[in-house]
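Quick notes on the structure that follows.
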Amino acid sequence: MVDRHPMWKDLGMDLEAHDQLCEALPAAFGDVFLTQKMRPEGMAFWDMVAADVHGIRPAELVEEKKKGRKVFGTFCTYVPDEVVIACNGIVTGLCGGSEFWVPEGEKYLQNDVCPLVKASLGARMGRTCPFFRLVDEIVGETTCDGKKKMYEIMATDVPMHIMETPQMKRPKDIDFWASEIADFAQNVQEVTGVELTAENLAHAIDVINARRRALARVYETRKNPDVIPISGTDALLMMQIAFFDDPERCTQMANKLACELEERLRDGVSVFPAGTKRILLTGTPLAIPNWKLHHIIETSGAAIVCEENCTGTKFFRNLVDDTQTTLEGQFRALAERYMKINCACFTPNRARIDEVLELARDYQVDGVINTNLKFCTTFKTEAPALEKALEDAGIPVLDIETDYTDNDAGQLRTRVEAFVEMLG
Amino acid sequence: MRIDERIADVVRAHPGEPIDCYVLMPDHEAAFDLHEAARAAGLTARITPTPRATQACCGVSLLVGRDQVRSVLDVARRSDIAVEGVVPLPRQLDARRDRYC
């Protein structure tokens, strides 16, 4: 059996602490994924990656770094992967989704900070995540106050580039974001030593647009009102791994899965019994291995058919205009696409409400669950407006605030079961 | 000890409980290949993290029902896929455990 310990040791990881995380994974993964019935065959690839999540991809990154390639860690769907890929760099998502990393993060941050921020810092400072050890640079962004201040601490331990995300969506804000992308491109060229050209950026835009199309194709199969060909939990796993997998392999595997799901629609093969209530989940992101809410909902009589969040539609909706032939035009095209993401960090953010309503119609849902990671002020503050809009549209909504701990699972299960029962 | 005897031992130690077998693999690629070959042969197998009860490192295994483990091992032999061992365990899965990582 491949022993990953020498690689982790070379990466400077705390092996003893990391072993505790490894110990928790098999049971959690088994409970959430292997208890499901009728899973698509295509999920075998993502099962394999998740089963050795700190081994398979990190080992690949180690080999690529030996060839001189640079690894950029990111936390946000606003950071344009295209720029890194154009300069022969590698992007890996870093958001922490485990309670395991939170106590280490709390050594540096007060406890009333969102668990994603605390876990991300804890994973780096505690040396218990190989992805955090492999990065040559971390790319932050100013989407929330918690992350902004966390980056200042993380920057004491690892090279960091911060992109200033606009807080409004006026034309001048899109211009500003294009200029931030240009600054980022300069930084990436310095780190990689590779010149950015309109040609290599055009190729990278094609690569990432192809990934968006493939992921969207999987989601498209979830709109069928009669057949649910894949669980929300499985779709979430695919999305979580998309953040750190090789983008071309991700495209290939997502298209393969989509073929199987399209066949299931033709054959009427559903993973849930007929009449199962269809849920759209919206709100804060669900970084790997945060499977808690999906699992609770899908073992409480409902099926999640769409995720409107960063680990869902925000990651792949809207393509980058691929007709631009100059770097200036391409930066503008990237800015326009990325500024269509409707994060709660923007004001006003009516577009997110409209998007949730649109997705609720497209995916023919019976209800919406709006979830908020504890202490995420922006998503929590806009929750009442979202809920009112949904109620006005006749769509039942349940608001849930939670974190990465297990101790509210019973309460959540009771609330979700009551909500599903109320859907009729 | 033969696999049948080891399964019988676990059955005796856990009367009435369902028993699953974890097929330990040398690497994730072999696990993926055996999964494909087993499914093509009409067998039920799932890729899974290797339970800590079986070894001391994160790794990839195949989860197979005890009634199919011999058939999966036959498929591995015929497909020239190396297998490192088989560990029978009482069922480790519980959808209502609500323990996440």
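Line by line, the protein sequences are chains D and S. Under our numbering, the residue at position 163 of the first sequence is numbered 163, and the numbers go up by one with no gaps. Under our numbering, the residue at position 99 of the second sequence is numbered 1099, and the numbers go up by one with no gaps. By construction, the Cβ of each residue, glycine as well, lies at the ideal position given by its N, Cα and C atoms.
Between the Cα of D206 of chain D and the Cα atoms of D:F72, D:T325, D:A50 and D:V416, which residue gives the shortest distance? When only C-alpha atoms are compared, the closest one is D:T325.
Quick one, are the C-beta atoms of D408 of chain D and T414 of chain D less than 8 Å apart? Against a cut-off of 8 Å, the Cβ pair of T414 of chain D and D408 of chain D comes out as no contact.
Could you give the distance in angstroms between the alpha-carbon of I1047 of chain S and the alpha-carbon of I241 of chain D? A direct Cα-Cα distance of roughly 16 Å separates I1047 of chain S from I241 of chain D.
Do H1028 of chain S and D52 of chain D count as a contact pair if the criterion is CB distance below 8 Å? Their beta carbons are under 8 Å apart, which means D52 of chain D touches H1028 of chain S by this criterion.
Would you say the stretch 298-310 of chain D touches the stretch 348-364 of chain D, given that touching needs at least three Cβ pairs under 8 Å? Between the stretch 298-310 of chain D and the stretch 348-364 of chain D, the count of Cβ pairs shorter than 8 Å is three or higher; the stretches touch.
Within-8 Å CB hit, P1026 of chain S to chain D: At least one chain D Cβ lies under 8 Å of P1026 of chain S.
Tell me whether S179 of chain D is buried or exposed, calling it buried when 16 or more other Cβ atoms sit within 10 Å of its Cβ. Classification for S179 of chain D: exposed.
When the Cα of D1020 of chain S is compared with those of S:R1077, S:F1032, S:D1074 and S:P1051, which residue comes out closest? The candidate whose alpha carbon is nearest that of D1020 of chain S is S:P1051.
Length of the line joining the Cα atoms of L357 of chain D and G283 of chain D: Straight-line measurement puts the Cα of G283 of chain D at about 13 Å from the Cα of L357 of chain D.
Would you give the residue range spanned by the alpha helix (DSSP H) that D188 of chain D belongs to? According to the sequence provided, residue 188 of chain D is Val. The question's Asp does not apply to it. DSSP places V188 of chain D inside the alpha helix (DSSP H), whose first and last residues are P171 to T192.
Around the Cβ of T156 of chain D, are there at least 16 other Cβ atoms within 10 angstroms (buried) or fewer (exposed)? Using a 10 angstroms sphere on the CB of T156 of chain D, the tally of other CB atoms stays under 16, which defines it as exposed.
With C-beta atoms as the reference, is P1088 of chain S less than 8 Å away from P26 of chain D? No. Outside cutoff.
Rounded to a whole number of angstroms, what is the C-alpha to C-alpha distance between M154 of chain D and G146 of chain D? If you take the alpha carbons of M154 of chain D and G146 of chain D, they lie about 12 Å apart.
Min CB distance K292 of chain D to chain S below 8 Å: Output row for K292 of chain D: interface = yes.
For a contact meaning CB atoms closer than 8 Å, what does P289 of chain D contact in chain S? Those within 8 Å of P289 of chain D in chain S are Y1100 and C1101.
Using 8 Å as the threshold, is the stretch 367-379 of chain D in touch with the stretch 274-281 of chain D, meaning 3 or more CB pairs across them? Three or more Cβ pairs closer than 8 Å define a contact, and the stretch 367-379 of chain D meets that threshold against the stretch 274-281 of chain D.
Leaving aside the five residues before and after V49 of chain D along the sequence, list all residues of the same chain whose C-beta is less than 8 Å from its C-beta, in chain order. The answer, listed in chain order, is I56, R57, I241 and D245.
Using only the alpha-carbon positions, how far apart do F243 of chain D and G1016 of chain S sit? Taking C-alpha positions only, F243 of chain D is separated from G1016 of chain S by approximately 43 Å.
If you run the structure through DSSP and keep just helix, strand and coil, what is A1041 of chain S? Correct three-state label for A1041 of chain S: coil.
For the stretch 7-87 of chain D, which segments carrying the beta strand (DSSP E) assignment without a break, of at least 3 residues, lie completely within its bounds, in sequence order? Entirely contained in the stretch 7-87 of chain D, the beta strand (DSSP E) runs reaching 3 residues are, in chain order, 71-74.
List, from N- to C-terminal side, the alpha helix (DSSP H) runs of 4 residues or more that fit wholly inside the stretch 341-412 of chain D. You should have 350-362 and 377-392.
Use the C-beta contact count for R425 of chain D: other C-beta atoms within 10 angstroms, 16 or more gives buried, fewer gives exposed. Not covered by the structure: residue 425 of chain D. The range shown for chain D is 1 to 424.
CA-to-CA distance, W8 of chain D to V1072 of chain S, given in whole angstroms: Cα-Cα distance, rounded: 32 Å.
Run the CB neighbour count on G1059 of chain S, radius 10 Å, all protein chains shown included, and call it buried at 16 or more, exposed below. Under this definition G1059 of chain S is a buried residue.
Considering only DSSP beta bridges, list what S270 of chain D is partnered with. Paired residue(s): none; S270 of chain D is not in a bridge.
Taking C-beta to C-beta, are I181 of chain D and L319 of chain D nearer than 8 Å? Going by C-beta atoms, I181 of chain D is not nearer than 8 Å to L319 of chain D.
At what residues does the beta strand (DSSP E) containing R278 of chain D begin and finish? First-last of the beta strand (DSSP E) with R278 of chain D: K277 to G283.
Quick one: list the residues of chain D neighbouring V1060 of chain S, beta-carbon separation under 7 Å, in chain order. Residues of chain D passing the Cβ test: M48, A51 and D52.
Of the residues D:L386, D:G126 and D:M38, the one placed nearest D399 of chain D, counting alpha carbons only: Taking only the C-alpha atoms, the option nearest D399 of chain D is D:L386.
Does the beta carbon of T1050 of chain S come closer than 8 Å to any beta carbon on chain D? With a threshold of 8 Å between beta carbons, T1050 of chain S makes contact with chain D.
At 7 Å on the CB atoms, spell out the chain S contacts of S98 of chain D, in chain order. The contacting residues are C1101.
What does the alpha-carbon distance come out to for the pair E328 of chain D and A287 of chain D? For E328 of chain D and A287 of chain D, the gap between their C-alpha atoms comes out near 33 Å.
Contacting residues, own chain, Cβ-Cβ under 7 Å from V1011 of chain S (five flanking each side not counted): Correct list, in chain order: I1019.
Determine the direct distance from the alpha carbon of L34 of chain D to that of Y219 of chain D, and round the result to whole angstroms. Cα atoms of Y219 of chain D and L34 of chain D: separation of roughly 22 Å, rounded to the nearest angstrom.
Do you know how far the Cα of R217 of chain D is from the Cα of T143 of chain D? Going from the Cα of T143 of chain D to the Cα of R217 of chain D covers about 28 Å.
Does the beta-carbon distance from G12 of chain D to R127 of chain D come in below 8 Å? Contact flag set, yes.
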